[in-house]
Each structure stands twice: as structure tokens, then as C-alpha cells.
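Residue numbers (the working numbering): 247 to 423.
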């Protein structure tokens, strides 16, 4: 490709001749444009990420006990990710009562996972919806408290998928079950 001479007419009537020393192909210009667009997109995503508040882990407590069950379980998770799991068995004819406590700390990734689940508005809707009437009084109960929202499930359980999901994740992350 031959180099072209470009002439530019100055204000005072002078002429300037420019001869390009480097030729740029059309493909290179497209590549540079694409790279520039990518930089703009990444910068935009970083700016948006700074505007979205990080999900914060609220205090969470969860219990399972009651009825004719001999086992009672309680989980407590603090906003800093520290957790305690307490398991108690009632005494029976063949076994005395026993309480076992374990504790630990969630990793940053686990804490973020629970924080995202706990921040779901649909979870709060499930937590604040009263359970249906139940006439069975001897069954087990399950409690879940996420921040200030509380739910008590009774023997006549209703399927609440988000409550079931966060309960399962709490069990898996703390006790490995």
C-alpha cells in the first residue's frame, strides 16, 4: 500500500504536508475499537458493582424440636459468620440426656452465600406468612429467624421452598449434613 501525502491548509495561508510513517490496516482499527469498548464495559461494571451494596449476613437462628422427638437441634449464626450448633437428646429408658455443642466460622464465600439467600425478599414473604391452621399438637416444630423476621413451622407443615433451601444450606455449611 502506497503512502499518501496529506495536505492541510493553515489559517495564515501556509500549507503543511504530512506523510504517514506507519500504515494502519482496517482490521487493526477494528481491534483497537473492540479493545476500547471492552475497557469501557469493564469500567462500567466496576462502577455499577460499587453502587450495589454488599449483601450483609443478618443474625440467623434455627431450631428443630418438640413433639415425641428425642432430639433437639439449635443453630445460631452471627453476622461475622461465627456459628454454634447445639444438639440435645432427651433421656430415655436406655440413654441419659446428652448435649453436644460444636462451633466454627463460615468462610467469606459461605457467609456471602447465606447473606444472598437471607436478603431475598421472597424469603421474607415466606417467613412472614402465617402458617395454615393445624390441629395436631404433638408434632415437632421448626423455627427460623432471619434478622427480625420469624417463622414457626408446626406438625402440619407447608412447603416453603426458600425456607427449606436456607435451612438446608445452614445445615450443610455448619454440620456437613
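Don't be surprised by glycine CBs; every beta carbon is placed ideally from N, CA and C.
Assigned exposure category for residue i - 16 Cβ within 10 Å defines buried
i           : result
residue 371 : exposed
residue 283 : exposed
residue 392 : buried
residue 316 : exposed
residue 343 : exposed
residue 286 : exposed
residue 420 : buried
residue 399 : buried
Cα-Cα separation between residue i and residue j, rounded to whole angstroms
i           : j           : result
residue 395 : residue 334 : 25 Å
residue 379 : residue 326 : 37 Å
residue 340 : residue 318 : 18 Å
residue 321 : residue 306 : 8 Å
residue 412 : residue 329 : 15 Å
residue 310 : residue 404 : 15 Å
residue 303 : residue 368 : 16 Å
residue 233 : residue 407 : Outside the modelled stretch of the chain, which goes from 247 to 423, sits residue 233, for which no answer is possible.
Cut-off 7 Å between Cβ atoms - residues of its own chain near residue i, not counting five sequence neighbours on either side
i           : result
residue 267 : Because residue 267 carries a pLDDT of 49, less than 50, the predicted location of this residue cannot be relied on, and the following value inherits that uncertainty. Closer than 7 Å at the Cβ level, and outside the excluded window around residue 267, lies no residue.
residue 301 : 358, 361, 362, 365
residue 336 : 316, 343
Heavy atom of the ligand NAP within 7 Å of residue i beta-carbon
i           : result
residue 337 : Looking for the ligand NAP in the displayed structure turns up nothing, as the structure carries no ligands at all.
Sequence-distant residues of its chain with Cβ nearer than 6 Å to residue i (five each side left out)
i           : result
residue 347 : 332
residue 345 : 334
Exercise for the section: Report yes or no: do three or more beta-carbon pairs, one from the stretch 345–354 and one from the stretch 367–387, lie closer than 8 Å? Expected result: no
Handout entry: In chain order, each alpha helix (DSSP H) run of at least 4 residues that lies wholly inside the stretch 306–371
Key = Inside the stretch 306–371, DSSP marks whole alpha helix (DSSP H) runs of 4 or more residues at positions 354–364, from first to last along the chain.
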